[in-house]
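Residues 1128 to 1387 (our numbering) make up the sequence shown, in order. Every residue gets a Cβ at the ideal spot worked out from N, C-alpha and C, and that includes glycine. A quick write-up on the structure given underneath.
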Amino acid sequence: MAKLAALREDSGRAILQLMRQVDPTASRDVLVRTVDELCVHFHVVAVATLLVDGNPQGFFLNLCRAAENWRRLLTHCRLKQWALPASRHMEPLLGAVAAGHWSLARQVAELSETRWLPDEEYRSEHARAQLFHVLVSPGTRDVVIPRVEALEGLGLETETDRVACARALLEGDADTFSEAFKHAVLVHGEDIEKRAKLFTTPVTRFAPKRAIWLEGLAWLRLTERADIASFDEHFQYCPPLARTPMTSQYAGDWVVSLGP
């Protein structure tokens, strides 16, 4: 926890510096890189606020700050008619969903790239993101199923649990979701521990992921919305405190001057 607290201090300073650096006249690549880094630091602050301070509302607010800054970047890119960032940049969206801020999550999803950008992302990353976009936005089963099938059609073992979770959500099947999600947590944990041992893993970017699984929390929020959530089970990387309701209202603070 001491290391996480120290990283929060570093990220707090970085946030102030990055926000001063953002220039609406800067190039597309510079802005994408800067706002992406800004989102990482907001996530570090969010996770530390949850785990060090035991403050879930501060956790949710900082997740929303990251998502709102990313939304503004996407809006700016569209206004400038620039290429959008690859849809693999899911963390801001996942954070908004994990916070239960559905209107913000829907805006991020609707503004995000829909095309696969093979030079910037794997096919599986794109398919996973596109599935989340339609799960978050109000859509019919006919809209969601093709995205589930697209992910399933890749034939990747790493995506089996996500496909099962998505189908269970559509069917309102709490038991099937729980079993698939339990296995997904185990797989995620194994991957995280492997990455933690690599010298090439960036400390700041990895720190919040080591402690909290944002995608997992997002899946659990989706079960709440589908009315199949179970609060009797505790999952590693998805602590109960992070699953409490967001009662604080995000006021749109701590944002860069990009777009409306």
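Query	Result
Classification of aspartate 1288 by the beta-carbon crowding that lies within 10 angstroms, buried from 16 upward	buried
Which of helix, strand or coil DSSP assigns to phenylalanine 1326	coil
Rounded C-alpha distance that separates threonine 1328 from arginine 1322	6 Å
Alpha helix (DSSP H) segment containing isoleucine 1257, residue limits	The question names isoleucine, yet the displayed sequence has glutamine at residue 1257. Residues 1250-1263.
CB contact flag (arginine 1233, valine 1263, <8 Å)	yes
Test item: CB-CB of alanine 1338 and leucine 1178 under 8 Å	yes
Cβ contact (3+ pairs, closer than 8 Å) linking the segment 1347-1363 and the segment 1160-1179	no
Glycine 1299 versus alanine 1353 - alpha carbon distance	7 Å
Neighbourhood of lysine 1309 by C-beta distance below 6 Å, restricted to the same chain and skipping five residues each side	none
Per-residue DSSP class, three states only, for phenylalanine 1358	coil
From Ala1334, Val1235, Phe1362, Ser1230, residue whose alpha carbon lies closest to that of leucine 1344	Phe1362
Which listed residue (Glu1195, Asp1156, Thr1202, Ala1213) has its alpha carbon closest to that of proline 1219	Glu1195
Neighbourhood of glycine 1139 by C-beta distance below 7 Å, restricted to the same chain and skipping five residues each side	Val1172
According to DSSP, residues forming a beta bridge with cysteine 1365	Phe1362
For alanine 1225, the nearest candidate out of Pro1273, Ala1193, Ala1334 (CA to CA)	Ala1193
Spatial distance of threonine 1303 from glutamate 1351 (CA atoms)	15 Å
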